[in-house]
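Position in the sequence shown (from 1) plus 69 gives the number in my numbering. The beta-carbon is built from N, C-alpha and C at its ideal position, and this holds for glycine as well.
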Amino acid sequence: NRRVLLKSRPQGEPTLANFDIVDQPIPEPKDGEYLSRTIWMSLDPYMRGRMAEAKGYASNVNLGDAMVGGTVGQVVKSKNPRFKEGDYVVEYAGWQSYAVSTGDMSMKLDPDAAPLSTALSVLGMPGMTAWWGLMEIGKPKAGETVVVSAASGAVGSVVGQLAKLKGCRAVGIAGGKDKCDYVVNELGFDACVDYRAAGGNLFKELRAAAPKGIDIYFENVGGAVQAAVVPQLNDFARVPLCGLIAHYNEMQMSPGPDWRLLLIKRATVTGFIVSDHFGQMADFWKEVPAAVKAGKIKYREDIVKGIENAPEAFIGLLKGRNFGKLLVQVAED
Ligand code: NDP
Numbered sequence: 070n071r072r073v074l075l076k077s078r079p080q081g082e083p084t085l086a087n088f089d090i091v092d093q094p095i096p097e098p099k100d101g102e103y104l105s106r107t108i109w110m111s112l113d114p115y116m117r118g119r120m121a122e123a124k125g126y127a128s129n130v131n132l133g134d135a136m137v138g139g140t141v142g143q144v145v146k147s148k149n150p151r152f153k154e155g156d157y158v159v160e161y162a163g164w165q166s167y168a169v170s171t172g173d174m175s176m177k178l179d180p181d182a183a184p185l186s187t188a189l190s191v192l193g194m195p196g197m198t199a200w201w202g203l204m205e206i207g208k209p210k211a212g213e214t215v216v217v218s219a220a221s222g223a224v225g226s227v228v229g230q231l232a233k234l235k236g237c238r239a240v241g242i243a244g245g246k247d248k249c250d251y252v253v254n255e256l257g258f259d260a261c262v263d264y265r266a267a268g269g270n271l272f273k274e275l276r277a278a279a280p281k282g283i284d285i286y287f288e289n290v291g292g293a294v295q296a297a298v299v300p301q302l303n304d305f306a307r308v309p310l311c312g313l314i315a316h317y318n319e320m321q322m323s324p325g326p327d328w329r330l331l332l333i334k335r336a337t338v339t340g341f342i343v344s345d346h347f348g349q350m351a352d353f354w355k356e357v358p359a360a361v362k363a364g365k366i367k368y369r370e371d372i373v374k375g376i377e378n379a380p381e382a383f384i385g386l387l388k389g390r391n392f393g394k395l396l397v398q399v400a401e402d
């Protein structure tokens with residue numbers, strides 16, 4: 070059983086030295102448990118918080134334990150009547166090639182309904198995040214302008230496409246020409262600003278892309294991008310505060326937006342954690358899988374092969390090296 074353990078806590082950016090890769094015996098399921106082999110493993114920005122000393126919104130990984138995370142696996146042995154050998158499940162097995170589970174947090178997957186990997190991307194946690202933040206917090210109305218940062222990524226790509234389906238102008242912000250071209254030409258956003266190339270012109274380029282101001286800012290990054298967006302919010306703008314990835318490696322949080330501006334614009338900023346809402350996703354399931362099947366919502370997966378390559382890929386995720394939802398293929402399905 071190949072496992073990736075947390076060896077030490079990062080000071081700033083994670084490095085390979087923070088991880089340990091070990092081969093251990095495959096565990097045996099006890100009564101009420103099943104054993105699964107991991108096929109797909111999700112790498113997500115929130116995992117940086119789990120590596121930290123400081124307490125986040127969920128408990129941290131202990132030193133010497135396997136890194137946590139969402140996975141798609143196949144049951145290979147079962148002592149739990151709800152799961153039988155051969156079943157595919159989306160579960161929370163973490164960074165390891167085999168895991169035992171009671172199944173309390175596992176959901177069976179129909180491999181014919183959609184590719185298995187989508188249970189970790191567009192039809193999984195990131196897709197639901199986009200849905201909840203945009204639909205429940207942003208409440209888009211046709212004709213409004215929606216701006217989303219990290220626009221080519223797992224969450225941002227779905228936000229902009231949903232905004233288009235709701236009749237909004239969708240403007241992405243992403244790092245690099247390739248990502249911006251993809252966002253406009255493949256995903257159908259109206260415009261995309263390359264914040265890396267824009268440098269000090271970011272405010273102006275964003276103004277040109279969103280000439281009527283910004284009604285909804287779906288915040289994924291913080292930092293300089295946020296500073297350019299906030300003064301361009303319209304009155305009564307909504308800001309679903311989803312992520313602040315530009316700050317995750319900081320040892321000390323840098324200052325946030327100018328609250329005076331938020332007051333003057335009567336803006337609503339709402340933080341949310343998608344896992345609070347997993348039970349409230351009826352509308353997501355009604356709309357999104359059909360839209361994906363019909364090609365109205367496109368998705369891109371950035372696939373890294375081999376669990377031993379997960380640390381390097383995760384380090385890259387926090388620097389924008391991924392292009393699309395970052396997944397590790399641990400085994401053939
Ligand atoms: P992505 O697939 O978008 O990958 C992360 C992207 O963030 C990178 O590709 C990069 O895009 C951008 N990025 C990385 N470092 C920086 C930086 N220093 N400054 C600016 N941008 C950076 O990841 P996800 O779609 O999975 O996640 C997007 C955001 O959503 C994250 O902040 C994440 O924490 C948050 N999130 C929140 C959830 C919630 O419940 N609140 C649930 C899921 C995700 P680029 O090259 O374009 O800069």
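{"Item": "Beta strand (DSSP E) containing Tyr19: first to last residue?", "Value": "In the structure as shown, the chain begins at 70 and stops at 402. Residue 19 is therefore absent and cannot be evaluated."}
{"Item": "Run through DSSP, which three-state label would Phe347 get?", "Value": "helix"}
{"Item": "Report whether the distance from the Cβ of Thr198 to the nearest heavy atom of the ligand NDP is below 6 Å.", "Value": "yes"}
{"Item": "Starting from Val298, trace the alpha helix (DSSP H) both ways and give me its first and last residue.", "Value": "Gly292 to Val298"}
{"Item": "Just the C-alpha distance for Ala260 and Asp284, rounded to the nearest angstrom, thanks.", "Value": "15 Å"}
{"Item": "Could you give the DSSP three-state label for Phe258: helix, strand or coil?", "Value": "coil"}
{"Item": "For the alpha helix (DSSP H) holding Thr198, just list the boundary residues, first then last.", "Value": "Met194 to Trp200"}
{"Item": "For Phe353 versus Trp200, is the C-beta distance shorter than 7 Å?", "Value": "yes"}
{"Item": "Taking DSSP as the reference, what is the three-state secondary structure of Ser111?", "Value": "strand"}
{"Item": "Quick one, which of Trp164, Leu386 and Gln230 has its alpha-carbon nearest Gly133's?", "Value": "Trp164"}
{"Item": "Along the beta strand (DSSP E) that carries Pro380, what are the first and last residues, could you check?", "Value": "Looking at the DSSP string, Pro380 is not in any beta strand (DSSP E); the run it does join, the alpha helix (DSSP H), is Ala379 to Leu386."}
{"Item": "Would the beta-carbon of Pro114 be found less than 6 Å away from any heavy atom of the ligand NDP?", "Value": "yes"}
{"Item": "Could you pull out every residue in the same chain whose Cβ sits closer than 6 Å to the Cβ of Glu274, ignoring the five residues on either side in sequence?", "Value": "Val262 and Ala267"}
{"Item": "Just list the residues that DSSP pairs Gly225 with in beta bridges.", "Value": "Partner(s): none; Gly225 has no beta bridge."}
{"Item": "Does the beta-carbon distance from Gly142 to Val158 come in below 7 Å?", "Value": "yes"}
{"Item": "Taking only the alpha-carbon atoms, compute the straight-line gap between Gly212 and Asn87 and give it to the nearest angstrom.", "Value": "47 Å"}
{"Item": "Would a C-beta distance cut-off of 7 Å place Ala223 and Lys394 closer than the cut-off?", "Value": "yes"}
{"Item": "What I want to know is whether the C-beta of Val343 ends up closer than 6 Å to one or more non-hydrogen atoms of the ligand NDP.", "Value": "yes"}
{"Item": "Mind checking if Ala182 is an interface residue toward chain B, Cβ cutoff 7 Å exclusive?", "Value": "Looking at the structure shown, chain B is missing, and only one protein chain is on hand."}
{"Item": "Could you pull the start and end residues of the alpha helix (DSSP H) that Lys273 belongs to?", "Value": "Leu271 to Ala278"}
{"Item": "Verify the contact flag: Asn37, CB atom, against every heavy atom of the ligand NDP, threshold strictly below 6 Å.", "Value": "The structure shown does not extend to residue 37, since the chain is modelled only from 70 through 402, so no value can be given for it."}
{"Item": "Beta carbon of Ala243: closer than 6 Å to some heavy atom of the ligand NDP?", "Value": "yes"}
{"Item": "What is the DSSP secondary structure of Met136, reduced to helix, strand or coil?", "Value": "coil"}
{"Item": "For a quick check, are the C-beta atoms of Gly289 and Gly312 less than 7 Å apart?", "Value": "Per the sequence shown, residue 289 should be read as Asn rather than Gly. Against a cut-off of 7 Å, the Cβ pair of Gly312 and Asn289 comes out as a contact."}
{"Item": "With distances taken Cα to Cα, identify the nearest neighbour of Asn391 among Ser111, Arg72 and Asp179.", "Value": "Ser111"}
{"Item": "Name the two residues that bound the continuous beta strand (DSSP E) containing Asp181.", "Value": "No beta strand (DSSP E) holds Asp181; DSSP gives it neither H nor E."}
{"Item": "Does the beta-carbon of Ala223, which I'm using as the reference point, lie nearer than 6 Å to any heavy atom of the ligand NDP?", "Value": "yes"}
{"Item": "Is Thr187 helix, strand or coil when you go by DSSP?", "Value": "helix"}
{"Item": "By the three-class DSSP mapping on this structure, what secondary structure does Asn303 have?", "Value": "strand"}
{"Item": "Any heavy atom of the ligand NDP closer than 6 Å to the Cβ of Gly312?", "Value": "yes"}
{"Item": "I need the straight-line Cα distance from Asp89 to Ile314, nearest angstrom please.", "Value": "24 Å"}
{"Item": "Taking all protein chains shown into account, decide if Gln301 is buried (16 or more other Cβ within 10 angstroms of its Cβ) or exposed.", "Value": "buried"}
{"Item": "Could you say which of Arg106, Thr198, Lys281 and Asp92 lies nearest to Ser344 if we only look at CA atoms?", "Value": "Thr198"}
{"Item": "Assuming Ile206 and Phe341 make a contact with CB atoms under 8 Å, what is their CB distance in whole Å?", "Value": "6 Å"}
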